[in-house]
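Enquirer: Numbering (the numbering used here), first residue to last: 1 to 135.
(1) Measure the alpha-carbon distance for residue 78 versus residue 97 and round it to whole angstroms.
(2) Do you know offhand how far residue 111's Cα is from residue 29's?
(3) With distance defined between alpha-carbon atoms, name the residue in 107, 92, 40 nearest to residue 70.
(4) Take every Cβ of the region 47–61, pair it with every Cβ of the region 12–25, and state whether three or more of those distances are shorter than 8 Å.
(5) Is residue 1 helix, strand or coil when you go by DSSP?
(6) Just to confirm before moving on: does the CB-CB distance between residue 8 and residue 76 stay below 7 Å?
(7) For chain C, is any of its Cβ atoms less than 7 Å away from the one on residue 121?
(8) Quick one: complete alpha helix (DSSP H) runs, 4+ long, within the region 59–108?
(9) Could you pull out every residue in the same chain whose Cβ sits closer than 6 Å to the Cβ of residue 4, ignoring the five residues on either side in sequence?
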């Protein structure tokens, strides 16, 4: 049986979501590399980071770990900005820093919300257990 295009896309999404952290770490390592900070390479790298941020913003994944990597990536982008003589690169760095920080804020809000839901569910389970023991 042939898979539909949407099934194939969903399978691809699952693979990407499983590897968020690896990809983010690769971007972090790339931006630290002096060769990647030159000319066209840095522009392509920044475009890739921007597309990655847009993607993960739509597809929430392992956010707590990913947020740590994103914070390190922001530090490297700020470093790149201060070292760059290109106004285009500094402009993209500013935009990316803002975008990543917005992602981190939204992500942290989702984590807090998810933790509250889990805590509420645990409290309800404990109450049910106590009611069962009283009988």
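Virtual Cβ for every residue (Gly too), placed ideally from N, Cα, C.
Expert: If we stick to the structure as given:
(1) Within the chain shown, numbered from 1, the residue matching residue 78 stands at position 78. Within the chain shown, numbered from 1, the residue matching residue 97 stands at position 97. Computed Cα separation, rounded: 7 Å.
(2) Start at 1 with the first residue of the chain shown, and residue 111 comes out as number 111. Start at 1 with the first residue of the chain shown, and residue 29 comes out as number 29. Residue 111 and residue 29: Cα-Cα distance of roughly 26 Å.
(3) For the purposes of this step, residue 70 is taken as the residue at position 70 of the chain shown. Per the Cα distances, 107.
(4) yes
(5) On the chain shown, residue 1 is found 1 positions in, with the first residue counted as 1. At residue 1 the pLDDT is 49, less than 50, meaning the model places this residue with poor confidence and gives no usable figure here.
(6) Here residue 8 is taken as the residue at index 8 of the chain shown, counted from 1. Here residue 76 is taken as the residue at index 76 of the chain shown, counted from 1. No.
(7) Of the protein chains in the structure, only one exists, and it is not chain C.
(8) 63–83
(9) What you label residue 4 is simply residue 4 of the chain shown in a count that begins at 1. If we look at residue 4 and ignore the five residues flanking it on each side, it has no Cβ neighbours.
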